[in-house]
Amino acid sequence: MSVSALVGHSCSIDSNPMAFGAYDGVVANASTALDAMATVVATCTSGAAALITINAGASAGSGLADAPVRRMTAGAGEYLVYQVYSDVARSTVWGNSAPTGVALTGTGVSQTLTAYGSVLPAQPAVQGMYSDQLIVTITY
C-alpha cells in the first residue's frame, strides 16, 4: 500500500492595534516622542521563507517609496506624523518593500513579532481623535 501527502508552503498572519494614547505636543511630548507597540503574529509551514511588510497607511505623506512618512488624520488636512519600526531602538523603519520588510522562516508554529511605533514630538496638532489604517502583508 502506497501512502503519500504533499505539504505546500502556506502562511497566515494576524495583528493587534497600536494605541498611542494621549499626545501632548506642547508639554509632555514637546521634546519626547510618544511610543507604542503592537504585535504581528505569523504562522508559516516549517521551512517556508516569508516577508512581512506594512504599507504606508491611508494618509501617507511624502518620503521614500520603501518607507514613506506615515500620518494619522483627524479630518481634512489635520495630521499627526508617526512611524512604525521593526526594532526596539526605533531606528529601522518597517516598510512596504523587501528592503524594509521583516523576513522570517516558518517553524510550523506561531511567531510573534513586535512593531514599535513612535509619534514625533512637538507637532502642532489640533485637538481631535487621530487614526490611520495600515495593511500588514505576508508574502511567501
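All letters in the sequence shown, in the order written, are residues -5 to 134 by the working numbering. Glycine included, C-beta positions come from ideal geometry on N, C-alpha and C.
Roughly how many angstroms lie between the CA atoms of residue i and residue j, to the nearest whole one?
i    : j     : result
G41  : T99   : 6 Å
A32  : P115  : 20 Å
G57  : I7    : 27 Å
T37  : V20   : 42 Å
V63  : S4    : 31 Å
V78  : G2    : 32 Å
R84  : R65   : 17 Å
T26  : A109  : 19 Å
A44  : A92   : 10 Å
T106 : T86   : 18 Å
T101 : A119  : 44 Å
Q127 : T67   : 10 Å
G111 : S(-2) : 46 Å
A52  : Q121  : 20 Å
A24  : G69   : 23 Å
Y17  : L28   : 7 Å
Thinking residue i and residue j are a contact (beta carbons under 8 Å), I'd like their distance in whole angstroms, please.
i    : j    : result
W88  : V75  : Between V75 and W88 the Cβ distance is about 16 Å, and since that is not below 8 Å, they are no contact.
V35  : S104 : 5 Å
N90  : A30  : Contact doesn't hold; Cβ gap of about 20 Å is too wide.
V113 : I48  : Not a contact, Cβ separation roughly 16 Å.
So, helix, strand or coil for residue i, using DSSP?
i     : result
I129  : coil
Q117  : coil
P11   : coil
A24   : coil
F87   : A small fix is needed here, since residue 87 is Val in this sequence, not Phe. Strand, per DSSP.
Y17   : coil
A(-1) : coil
Taking all protein chains shown into account, do 16 or more other C-beta atoms lie within 10 angstroms of the C-beta of residue i, making it buried, or fewer, making it exposed?
i     : result
S80   : buried
S(-4) : exposed
L0    : exposed
N10   : exposed
A22   : exposed
A61   : buried
* At 3 residues or longer, and completely inside the region 28 to 102: list those beta strand (DSSP E) runs for me, N to C. => 28 to 38, 43 to 48, 64 to 69, 72 to 79, 96 to 99
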